[in-house]
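Novice:
Numbering (my numbering), first residue to last: 2 to 352.
1) Whose CA, out of 341, 278 and 306, lies closest to the CA of residue 313?
2) Take the Cβ of residue 177 as the centre, count every other Cβ of all protein chains shown within 10 Å, and call the residue buried at 16 or more, exposed below.
3) Go ahead and label residue 258 buried or exposed: buried means 16 or more other beta carbons lie within 10 angstroms of its beta carbon, across all protein chains shown.
4) Among 264, 208, 90 and 7, whose alpha-carbon lies nearest the alpha-carbon of residue 367?
5) List in chain order: all unbroken beta strand (DSSP E) runs of 3+ residues lying wholly within the stretch 228-308.
6) State the DSSP-derived secondary structure class of residue 15, mapped to helix, strand or coil.
7) Using only alpha-carbon positions, find the residue among 308, 73, 336 and 281 that is nearest to residue 298.
8) Could you check whether residue 119 and residue 18 sit closer than 8 Å to each other, using their CB atoms as the reference points?
9) At the level of alpha carbons, what is the spacing between residue 275 and residue 182?
10) When burial is assigned at 16 or more other CB atoms within 10 Å of the CB, is residue 174 buried or exposed?
11) Does the distance from the C-beta atom of residue 184 to that of residue 50 stay below 8 Å?
12) State the DSSP-derived secondary structure class of residue 312, mapped to helix, strand or coil.
13) Could you tell me the alpha carbon to alpha carbon distance between residue 156 and residue 135, rounded to whole angstroms?
14) Count the other CB atoms, across all protein chains shown, that sit within 10 Å of the CB of residue 351; report buried if there are 16 or more and exposed otherwise.
15) Can you give me the C-alpha to C-alpha distance between residue 30 and residue 58, rounded to a whole angstrom?
16) Please determine, among 37, 10 and 3, the residue with the shortest C-alpha to C-alpha distance to residue 27.
17) Enumerate in chain order the residues of its own chain whose CB-to-CB distance from residue 169 is below 6 Å, with the five nearest sequence positions on each side excluded.
18) Drop a sphere of 10 angstroms on the beta-carbon of residue 293, count the other beta-carbons inside from all chains shown, and report buried for 16 or more, exposed for fewer.
19) From the DSSP output, in three-state form, read off residue 318 for me.
20) Quick check: what's the CA-CA separation for residue 160 versus residue 115?
21) For residue 154 and residue 247, what's the separation of their Cα atoms in angstroms?
22) Could you give the uninterrupted runs of the beta strand (DSSP E) lying entirely in the stretch 98-150, keeping only those of 3 residues or more?
23) How about residue 138 and residue 147: are their beta carbons less than 8 Å apart?
24) Buried or exposed for residue 25, please, with buried defined as at least 16 other CB atoms from any protein chain shown within 10 angstroms of its CB.
25) Output needed for residue 329: all residues of its chain with C-beta closer than 7 Å, excluding positions within five of it in sequence on either side, in chain order.
26) At what residue ranges does the stretch 33-80 contain a whole run of the beta strand (DSSP E), taking only runs of 3 or more?
27) Checking the sheet assignment: what are the DSSP bridge partners for residue 28?
28) Throw me the rounded Cβ distance for the residue 286 and residue 296 pair, which I believe falls under 8 Å.
29) Is it the case that the Cβ atoms of residue 206 and residue 14 are separated by a distance below 8 Å?
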């Protein structure tokens, strides 16, 4: 019997993934990662729901405490980034270093299993010609999570199964209901787990970063107002600036050294190019010459044409066909060829 370890968060997606594999004849082991200290949807009622699903399916359930790993790789990572004037993206970091990596290691070392599965909406294929595993968008483009998975290595992709990649979300709920799963009608998780457990990203950051008053200035250096911490702002932000102006103003830069929030009109919040570091080439090997692709610079942003120019030290330069609004240091840029994820990395601060 084929054995697979399924990561269970207690939501409908991971529950249905486990049920599908169980129904297909896999020997399924449910595994829940205890990520956070204190209250949080994925680590309190979610853990209970995951245990209940395993009881329903008649499969074993194990909980692994990796709160210290989550604290170091996600909480400390976020706090350090925000204090430096960037807006970190925790999900891709979490998937590689907190979820998939530890899950594969635990499955192999403790359970004698080489395969893990999750409820992510994405697809994996294998290219015989190149000998590489390819990461593809999900059939349901509204739920597609390939953007957050760009940093998975070939080893992790080879070990992973995404049972929901070819399903629409409505199909997932229908299947969950057919199996009588408790989570079939469970509401969607709307925010980052840290936001859900703290009420807002601001509340989370205020637990770690003390208020630090500074100036809100325009591009000439004129003081327009005051702020109580640059970590409360992000590039492209318009609302909540607390300054009056004849035209709409947007955050165009966060100057951590001088503790200033710099604002300007929309045209000053656009960029024709940016550099990206910590690049992971996914479905193709790193090219030696520029390639043309489509890139997303935010999870919900539209993929736009771009030229990807390889640089040294796992970096690339992205040159957009047209200037793009709100290119935000710390966020991921992920480039595609159609539905295929070519690569991705983290947007660097502008020089």
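From the three backbone atoms N, C-alpha and C, an ideal C-beta is built for every residue, glycine too.
Specialist: Per the coordinate set shown:
1) When each option's Cα is compared against that of residue 313, the closest is 278.
2) Answer is buried; the Cβ neighbour count reaches 16.
3) Classification of residue 258: exposed, given that the 10 Å Cβ count is below 16.
4) With the chain running from 2 to 352 in the structure shown, residue 367 is simply not present.
5) The stretch 228-308 contains, as complete beta strand (DSSP E) runs of 3+ residues, the segments 251-256, 261-265, 271-282 and 292-297 (chain order).
6) Helix.
7) Of 308, 73, 336 and 281, the residue nearest in Cα terms is 336.
8) With respect to the 8 Å criterion, residue 18 and residue 119 are classified as neighbours on the basis of their beta carbons.
9) Answer to the nearest angstrom: the Cα atoms are 46 Å apart.
10) By the Cβ-count criterion, residue 174 is buried, with 16 or more other Cβ atoms from all chains shown falling within 10 Å of its own Cβ.
11) Remark: C-beta atoms of residue 184 and residue 50 approach each other more closely than 8 Å.
12) Residue state, collapsed to three classes: strand.
13) Taking the straight line from one Cα to the other gives about 12 Å.
14) With a threshold of 16 other beta carbon atoms within 10 Å, residue 351 falls short and is exposed.
15) Looking at the two C-alpha atoms, the distance is approximately 10 Å.
16) Checking every option, the nearest Cα to that of residue 27 belongs to 3.
17) In its chain, beyond the 5 residues on either side, 141 have a beta carbon closer than 6 Å to the beta carbon of residue 169.
18) The C-beta of residue 293 has fewer than 16 other C-beta atoms within 10 Å across all chains shown, which makes the residue exposed.
19) Three-state DSSP puts residue 318 in a strand.
20) The alpha-carbon of residue 160 is positioned some 6 Å away from that of residue 115.
21) Cα-Cα distance, rounded: 49 Å.
22) Scanning the stretch 98-150 for uninterrupted beta strand (DSSP E) segments of 3 residues or longer gives 123-128 and 133-138, listed from N- to C-terminal end.
23) Yes; because the gap between Cβ atoms is below 8 Å, this pair is in contact.
24) So residue 25 counts as exposed.
25) The residues are 88, 235, 236, 237 and 348.
26) Correct list: 62-66.
27) Residue pairing by DSSP places residue 28 opposite 4 in a beta bridge.
28) Rounded, the Cβ-Cβ distance is 19 Å, inconsistent with contact.
29) It is not a contact, given that the beta carbons lie outside the stated cut-off.
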